[in-house]
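Numbering (the numbering used here), first residue to last: 65 to 201. By construction, the Cβ of each residue, glycine as well, lies at the ideal position given by its N, Cα and C atoms.
This is the structure we're talking about:
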């Protein structure tokens, strides 16, 4: 670890051993302080719709308590709120209740927009027709 005294520069073996022990203790403390993020929960589309529908009917806090108790894992209030908002937005757009609520798309939008699927299909077809000897992925 940078910034710690070098035991090789010690004047005696006792001093070198003490320096190395101190360095090890400092490294252990620094490494022990690092916290890992928790695991993100993933919910199937049907469960997302159930949570959203329950939150609309009964409120976010009650939905949070209900699904945390039933599912056996903590459901975040922000997660419930975002599912509810997404459900309401899609319901206004479609005009009907939904049985499933898909996740929002992640990442940057495609560069080709509406043409992207057609280009992907064309490339896959082209690659499948090319002889294996000339194309190596």
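Quick one: is residue i buried, meaning 16 or more other Cβ sit within 10 Å of its Cβ, or exposed?
| i | result |
| --- | --- |
| residue 94 | exposed |
| residue 135 | exposed |
| residue 112 | buried |
| residue 114 | buried |
| residue 175 | exposed |
| residue 172 | exposed |
| residue 116 | buried |
| residue 144 | buried |
| residue 127 | buried |
Which residues bound the alpha helix (DSSP H) around residue i?
| i | result |
| --- | --- |
| residue 127 | 124 to 135 |
| residue 192 | 180 to 193 |
| residue 174 | Run containing residue 174: none; DSSP gives neither H nor E here. |
| residue 158 | 141 to 158 |
Distance cutoff 8 Å, beta carbons only. Does residue i sit that close to anything in chain C?
| i | result |
| --- | --- |
| residue 68 | Structure shown: chain C not included; a single protein chain is present. |
Can you check which of these residues, the options, is closest to residue i by C-alpha distance?
| i | options | result |
| --- | --- | --- |
| residue 160 | 166, 152, 167 | 152 |
| residue 168 | 69, 72, 109, 180 | 109 |
| residue 166 | 149, 179, 139 | 149 |
| residue 88 | 105, 104, 69, 141 | 69 |
| residue 137 | 106, 125, 146, 158 | 106 |
| residue 103 | 182, 179, 140, 117 | 140 |
| residue 91 | 158, 66, 185 | 66 |
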